[in-house]
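Heads up, the thing below is written out as structure tokens.
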């Protein structure tokens, strides 16, 4: 599909042409990205892509907005509590760009539906889920079908937006979840262990040391807090801040657009 640039599109996104070059505008309006997970990071990814003129988005999420999302998720408002995250963010994005084509998939991605939901028609896939085994499966699958993947590490337990960075998955540090992803790839997807290996998958992560909640209500940087009885569940998990979750999302969206434009221009 080759979508023309409408006068309204040029009014909304003309500033991008003066940043990336005018040739970027038809490329962006004909781009199709997928965002998997619309939580503390994925919501910011989706909004950044919509505000960057991406013409088509697949959004995969089945959860509902909860009051506990308020501190970090863009769609968490008093008026949206209990509503579908996918529907809320889709309405918001269409208000940003009425020309945007959105495929709202009310489902959680898993081993059974991954091939049906993600394919070569996606120019870039952004993984904003928090299950290491599924993240590893996405890495293996996207590499196999030659679709660019951006995987996102743990934003919980981090305070500093300045520590957010992007590098190859094999070089991430201070991120236990991405460490688990690499282990899954070694054990279950036949990836060779090599400390100098590049996975050819961009990872967004924070170099900041993890901050753990303690049973007495204080916080520390000692993992021993977990052994002391802290449960990392919905009520008492890692703390989180919009300043960090949004930074993760914006870094991921930026890298996705950079990778895409570098390839097509």
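In our numbering, the protein residues as written are 1 to 265. Ideal Cβ positions, reconstructed from N, Cα and C, are used throughout, including at glycine.
- A direct Cα-to-Cα measurement between residue 52 and residue 33 gives close to 12 Å.
- With fewer than three CB-CB distances shorter than 8 Å, the region 209-222 does not count as touching the region 39-59.
- Cβ contact annotation for residue 27 (same chain, cutoff 8 Å, sequence separation greater than five): 260, 261, 264, 265, in chain order.
- Listed in chain order, the alpha helix (DSSP H) runs fully inside the region 88-151 are 114-117, 132-145, counting runs of at least 4 residues.
- Residue 7 and residue 257 have their alpha carbons spaced roughly 22 Å apart.
- DSSP places residue 41 in no alpha helix (DSSP H); its state is neither H nor E.
- Spatial neighbours of residue 111 in its own chain (CB-CB distance under 8 Å, excluding positions within 5 residues in sequence) are listed in chain order as 134, 137.
- Its chain contains 156, 157 as the residues whose beta carbon lies nearer than 6 Å to that of residue 238, once the 5 sequence neighbours on both sides are disregarded; these appear in chain order.
- In the DSSP secondary-structure assignment, residue 57 is bridged to 33, 102.
- Following the DSSP letters along the chain, one finds residue 165 in no alpha helix (DSSP H) but inside the beta strand (DSSP E) bounded by residues 164-168.
- With a threshold of 16 other beta carbon atoms within 10 Å, residue 185 meets it and is buried.
- Per DSSP, residue 203 is one residue of the beta strand (DSSP E) stretching across 202-206.
- The C-alpha of residue 95 is placed about 14 Å away from the C-alpha of residue 55.
- Residue 79 carries a helical assignment under DSSP once its states are collapsed to helix, strand and coil.
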